[in-house]
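Enquirer: Have a look at the structure that comes next, please.
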């Protein structure tokens, strides 16, 4: 791969890293909000949806990090 294409890939890696960081922040905020749900409501639908969202965000973050690792192999 030539220098110009490697540079483009490196820029995409930076963008993906930024996206992953933003998603981590959103997940942290969701986890904090869920931790503040009163115990009496922790078995409810809102709590369950919050857990599912956090799990989905974690999976997405992991996938983005895997893509970054793969792209770093070509730069």
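In this note's numbering, the protein residues as written are 59 to 133. Where a beta carbon is used, it is the ideal one built from N, C-alpha and C, also for glycine. Keep in mind the model is a prediction, meaning the values are calculated, not measured.
Indicate whether the contact test is met: 3 or more Cβ pairs, each with one atom in the stretch 95–109 and one in the stretch 118–130, closer than 8 Å.
Expert: With the cut-off at 8 Å, the stretch 95–109 and the stretch 118–130 do not touch.
Enquirer: Specify whether the stretch 62–69 and the stretch 103–119 touch according to this definition: at least 3 beta carbon pairs, one from each stretch, less than 8 Å apart.
Expert: Touching, no, given that fewer than three Cβ pairs across the two stretches are closer than 8 Å.
Enquirer: Over the uninterrupted alpha helix (DSSP H) stretch that includes residue 95, give me the two end residues.
Expert: Taking the first residue of the chain shown as 1, we reach residue 95 at position 37. Per DSSP, residue 95 belongs to no alpha helix (DSSP H) and is neither H nor E.
Enquirer: Rounded to whole angstroms, what's the CA-CA distance from residue 77 to residue 96? Just pull it up for me.
Expert: Along the chain shown, read from residue 1 onward, the residue named residue 77 stands at position 19. Along the chain shown, read from residue 1 onward, the residue named residue 96 stands at position 38. Distance between the alpha carbons of residue 77 and residue 96: 31 Å.
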